[in-house]
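Residues in the sequence shown are numbered consecutively from 0, following numbering that gives the first Met the number 0.
Every residue, glycine too, gets a C-beta built ideally from N, C-alpha and C.
The model shown is predicted, which means the values in this text are computed figures rather than measured ones.
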Amino acid sequence: MHPEIVRAAPGSCPICGMALEPRTLSASDAGGAGDLDPELRSMQRRFWVTAVLALPLLVAGMAEMVPGAMRALPVVSPAARNWLELALATPAVLWGGWPFFQRGWASVVHRSLNMFTLIALGTGVAYGYSVVATVAPGIFPSPIRDAGGMAGTVPVYFEAAAVITALVLLGQVLELRARGRTSAALRALLDLAPPTARRLVPAGLLGARAPASSEAAGVADATAPAAVADAADTAEIDVPLAAVQPGDRLRVRPGDRVPVDGTIAAGRGAVDESMLTGEPIPVAKAPGDRVTAGTVNGNGSFVMVAERVGSDTLLAQIVRLVGEAQRSRAPIQRLADRVAAWFVPAVVGTAAAAAAAWWFLGPEPRLAHALLAAVSVLIIACPCALGLATPMSIMVGTGRGAHAGVLIRNAEALEVFERVDVVVVDKTGTLTEGRPRLTAIETAGHAAGAAGAAAAGGWPQSELLRLAASLERASEHPLAAALLAAAAERALALAEPTELAVEPGGGVRGVVAGHAVALGTAELLAGLGIAAGDRGDPRDLDLQGRAEALRRDGQTVLLAAIDGRLAGLFAVADPIKPSTPEALRELRGEGLRVVLATGDNRTTAAAVAARLGIAAADVVAAAPPAAKRDLVARLQAQGHVVAMAGDGINDAPALAQADLGIAMGTGTGVAIESAAITLVKGDLRALLRARRLSQATMRNIRQNLVFAFAYNALGVPIAAGALYPLFRLLLSPMIASAAMSLSSVSVIANALRLRRAHL
0 MHPEIVRAAP GSCPICGMAL EPRTLSASDA GGAGDLDPEL RSMQRRFWVT AVLALPLLVA
60 GMAEMVPGAM RALPVVSPAA RNWLELALAT PAVLWGGWPF FQRGWASVVH RSLNMFTLIA
120 LGTGVAYGYS VVATVAPGIF PSPIRDAGGM AGTVPVYFEA AAVITALVLL GQVLELRARG
180 RTSAALRALL DLAPPTARRL VPAGLLGARA PASSEAAGVA DATAPAAVAD AADTAEIDVP
240 LAAVQPGDRL RVRPGDRVPV DGTIAAGRGA VDESMLTGEP IPVAKAPGDR VTAGTVNGNG
300 SFVMVAERVG SDTLLAQIVR LVGEAQRSRA PIQRLADRVA AWFVPAVVGT AAAAAAAWWF
360 LGPEPRLAHA LLAAVSVLII ACPCALGLAT PMSIMVGTGR GAHAGVLIRN AEALEVFERV
420 DVVVVDKTGT LTEGRPRLTA IETAGHAAGA AGAAAAGGWP QSELLRLAAS LERASEHPLA
480 AALLAAAAER ALALAEPTEL AVEPGGGVRG VVAGHAVALG TAELLAGLGI AAGDRGDPRD
540 LDLQGRAEAL RRDGQTVLLA AIDGRLAGLF AVADPIKPST PEALRELRGE GLRVVLATGD
600 NRTTAAAVAA RLGIAAADVV AAAPPAAKRD LVARLQAQGH VVAMAGDGIN DAPALAQADL
660 GIAMGTGTGV AIESAAITLV KGDLRALLRA RRLSQATMRN IRQNLVFAFA YNALGVPIAA
720 GALYPLFRLL LSPMIASAAM SLSSVSVIAN ALRLRRAHL
């Protein structure tokens with residue numbers, strides 16, 4: 000299926016003839032195993048009818064090959080038997096095989112010959128020849144009419160045409176079923192969302208609001224159970240999931256699935272997030288923590304505030320991204336496309352050459368032998384296996400990744416990751432938790448802990464924090480969140496900043512309460528003409544010394560300037576993720592070079608790198624977005640295949656420049672949109688799973704392609720009659736069709752093994 004083909008309704012691809020995949024999968028599409036798509040239902044119905052009609056034709060055809068077997072069949076004349084076979088074969092071939100004739104004709108109209116071209120030609124020639132032989136046997140030469148001891152009749156191949164149609168239909172049913180199983184990963188994810196949510200409403204509105212929600216969803220819940228919730232005037236009602244709106248307060252009880260994305264407002268729980276991360280250990284959740292739709296609350300009860308609902312939830316986005324990836328095409332598919340471009344014309348030419356050779360050089364009956372050879376070549380060379388080799392592996396692989404917490408944006412990402420030899424990683428939010436805490440506030444005139452009092456001879460710490468937090472209100476950066484959290488703990492009244500300017504990787508500046516405030520790196524301040532010690536102020540020099548000591552301890556330092564003068568600093572500690580050391584060890588164990596690129600100071604970066612075993616030569620510090628992008632480009636120029644892992648806006652240019660961009664699912668939307676792979680929970684161990692998935696998928700694709708190419712390379716000469724001079728063996732079209740179907744089934748079965756791949 001070619002992803003550039005878009006239709007408003009189900010159908011087949013005009014280029015390759017394969018069934019089109021739905022672009023989106025909604026909750027209404029998720030159903031039980033008995034829910035079949037229309038294409039599969041149609042193919043199953045056609046297969047069973049065709050199989051019933053083809054069975055007596057096959058028995059009669061096989062009886063001719065067994066001495067004395069014809070005596071066990073009803074006594075009818077050869078001519079009458081031909082007419083009886085015509086009656087059975089016509090609905091089997093014309094009705095059962097009609098989709099193949101449609102697709103074969105479409106391939107000619109669109110000048111894109113494919114496997115259905117060969118199927119339509121093979122069955123059409125066998126059936127058409129047999130119809131003429133039955134209706135007008137007199138037009139054939141006497142050697143053909145007398146072949147097989149049936150004087151006055153011509154051998155027919157209705158059984159071949161009908162059985163071939165049945166076998167190809169069987170192959171289509173198996174393929175469509177396999178495609179359905181690859182979508183089962185998405186349907187299983189959709190099924191994780193509960194059908195209802197338990198909403199908290201004021202008790203006085205219970206009678207008014209509940210029916211309104213029910214009416215919107217077409218469900219009557221006026222009698223829904225209600226219970227006293229957080230307060231005496233608050234009640235709980237069960238409402239359909241579609242009725243939940245952002246801002247609603249929802250109760251999640253022990254054993255319940257979280258209905259939508261949101262933040263815990265009250266209570267605690269232990270949430271099983273294995274559907275996102277693959278990790279079975281529940282995660283403790285407390286007020287302020289985020290929870291995701293579809294995860295399971297193991298114990299405890301909490302009230303959450305709905306934030307993202309419907310198609311905006313992470314669960315829905317996962318389904319959308321995986322669906323897009325399953326429809327994409329890997330670069331290795333170009334090999335199959337290039338082969339297919341000349342393969343079908345070459346097969347048609349080979350079939351014609353084989354027919355001509357048998358007609359002019361073969362033994363009697365020459366026409367019958369020529370027809371058998373041509374039809375056998377057309378059928379056995381049908382590139383079903385070749386067409387399935389790559390897309391089946393991609394579909395299964397991306398579905399497997401979704402269950403392992405790895406979102407693959409496109410098939411190319413799977414192919415590229417296998418060749419990656421350098422991984423460039425950001426620090427904050429990638430190696431670290433991305434939830435930094437403010438540990439110290441120090442001013443130019445006084446140094447103290449984060450909880451210290453006002454400074455003498457300088458800006459008071461509380462005012463310095465208020466101005467800095469006000470400036471960071473609109474920022475997504477984790478460091479900004481640390482300042483905002485500290486200001487909230489102190490109940491500081493924040494002001495609205497104006498003239499705001501964000502320098503990605505550097506910091507932020509603007510006007511707060513009439514003061515020009517700048518917050519960020521020393522490079523940011525230097526660019527504004529503000530440098531420590533530039534006026535000989537010993538307080539500034541002392542502040543710089545304290546900043547360096549904090550950096551050596553692995554803390555991140557933000558310098559603050561007010562009205563053109565250095566006013567103080569904030570020390571922020573961002574703990575390294577517990578899984579990071581193990582993940583980096585395993586990455587290096589697989590031969591990958593790990594490079595740390597961060598906008599943080601060199602001293603802090605070196606301290607973090609030393610803890611994680613990253614070589615000093617592989618640390619690039621104080622790197623703004625352009626420098627990270629240039630680092631990636633420089634490594635690429637040295638011949639490396641580079642993956643970049645990051646989570647912030649400042650990582651987006653490098654993510655786009657890299658051969659493979661990897662975003663942390665806990666990061667910003669810009670980073671995720673710039674990346675080809677998203678690690679849902681931002682755990683670098685998922686990067687290892689993505690790497691192993693890439694290797695397993697590409698290995699599977701190569702196995703499929705080798706099998707498909709080898710099958711056709713061996714099968715076509717045999718079908719053309721290469722074994723006849725030595726063994727007097729001419730391949731029956733029915734055997735050719737069975738072999739063709741078997742090759743497709745083998746490719747499908749091999750691809751489905753990826754569902755059990757160890758990651």
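{"query": "First and last residue of the alpha helix (DSSP H) that includes A626?", "result": "P624 to A636"}
{"query": "How long is the line joining the alpha carbons of A159 and L52, rounded to whole angstroms?", "result": "12 Å"}
{"query": "For V347, which of G121, P253, P77 and E235 has the nearest alpha-carbon?", "result": "G121"}
{"query": "Return the chain-ordered list of same chain residues with a C-beta closer than 7 Å to the C-beta of G535, the five sequence neighbours on each side being excluded.", "result": "Interpretation of G535 is limited by its pLDDT of 47, a score under 50 that renders its predicted location unreliable; the figure taken from the coordinates is listed afterwards. If we look at G535 and ignore the five residues flanking it on each side, it has no Cβ neighbours."}
{"query": "Can you confirm whether the segment 455-464 touches the segment 595-602 when touching is taken to mean that 3 or more C-beta pairs between the two stretches lie within less than 8 Å?", "result": "no"}
{"query": "Just tell me which of A616, L728, V715 and A269 has its CA closest to the CA of V374.", "result": "V715"}
{"query": "Would N703 pass as a contact of V746 if the rule is Cβ separation under 9 Å?", "result": "yes"}
{"query": "In angstroms, rounded to a whole number, what distance separates the CA positions of V376 and A719?", "result": "6 Å"}
{"query": "Going by other Cβ atoms of all chains shown within 10 Å of its Cβ, with 16 needed for buried, is S310 buried or exposed?", "result": "exposed"}
{"query": "If you draw a straight line from the C-alpha of V423 to the C-alpha of D646, how long is it?", "result": "12 Å"}
{"query": "Quick check: the segment 400-408 against the segment 680-689, are at least 3 beta-carbon pairs closer than 8 Å?", "result": "yes"}
{"query": "Could you name the residues of the same chain whose beta carbon sits closer than 6 Å to that of A467, not counting the 5 residues immediately before and after it, in chain order?", "result": "L482, L518 and A559"}
{"query": "Once the 5 residues before and after A292 are set aside, which same chain residues still bring their CB inside 7 Å of it?", "result": "A192, V257, P258, V259, D260, T312, L313 and L314"}
{"query": "Check for me: the beta strand (DSSP E) holding R508 runs from which residue to which?", "result": "G506 to V511"}
{"query": "Tell me the residue span of the alpha helix (DSSP H) that contains G588.", "result": "T579 to G588"}
{"query": "Rounded to whole angstroms, how far is the Cβ of A369 from the Cβ of A354, which I believe are closer than 8 Å?", "result": "4 Å"}
{"query": "Taking P286 as part of the alpha helix (DSSP H), name the residues at either end of that continuous run.", "result": "From DSSP, P286 is part of no alpha helix (DSSP H); its letter is neither H nor E."}
{"query": "What first and last residue would you give for the beta strand (DSSP E) that runs through I661?", "result": "L659 to M663"}
{"query": "Identify every residue that forms a DSSP beta bridge with M697.", "result": "Paired residues: none, contrary to the question."}
{"query": "State the CB to CB distance for the pair I676 and R408, rounded to an integer number of angstroms; the pair is presumed to be in contact (CB under 8 Å).", "result": "7 Å"}
{"query": "With DSSP as the reference, identify every bridge partner of A616, one or two as the case may be.", "result": "Answer is none; A616 lacks a bridge partner."}
{"query": "Check each candidate in V167, K627, R110 and P652 and name the one with the smallest Cα separation from I378.", "result": "V167"}
{"query": "If you pair each beta-carbon of the segment 580-591 with each one of the segment 506-513, do three or more pairs fall below 8 Å?", "result": "no"}
{"query": "Provide the residue span of the beta strand (DSSP E) that contains E495, from first to last.", "result": "Run containing E495: none; DSSP gives neither H nor E here."}
{"query": "Would you verify that the beta carbon of S743 is, or is not, closer than 9 Å to some beta carbon of chain C?", "result": "The chain labelled as chain C is not found in the depicted structure, where only one protein chain is given."}
{"query": "Mind checking D533: buried by the 16 CB within 10 Å criterion, or exposed?", "result": "Confidence at D533 is low in this model, with a pLDDT of 46, below 50, so the placement of that residue should be treated as unreliable; the coordinate-derived value is given next. Its Cβ having fewer than 16 others within 10 Å, D533 is exposed."}
{"query": "Taking all protein chains shown into account, decide if E363 is buried (16 or more other Cβ within 10 angstroms of its Cβ) or exposed.", "result": "exposed"}
{"query": "Taking 9 Å as the cut-off, decide whether the C-beta atoms of M391 and L751 are in contact.", "result": "yes"}
{"query": "Between the Cα of P496 and the Cα atoms of S474, E488 and A490, which residue gives the shortest distance?", "result": "S474"}
{"query": "Considering just the uninterrupted stretch of the beta strand (DSSP E) at I440, what are its terminal residues?", "result": "R436 to T442"}
{"query": "Classify Q637 as buried or exposed, calling it buried when 16 or more other Cβ atoms lie within 10 Å of its own Cβ.", "result": "exposed"}
{"query": "Would you decide whether P201 is buried or exposed? Buried here means 16 or more other CB atoms lie within 10 Å of its CB.", "result": "exposed"}
{"query": "From the DSSP secondary-structure annotation, give me the bridge partner or partners of A559.", "result": "L518 and G567"}
{"query": "Which one of V304, G297 and L611 has the shortest CA to CA distance from D288?", "result": "V304"}
{"query": "Alpha carbon to alpha carbon, how far is Q101 from P344? Give it in angstroms, no decimals.", "result": "19 Å"}
{"query": "Out of G297, R701, A283 and E38, point me to the one whose CA is closest to R252's CA.", "result": "G297"}
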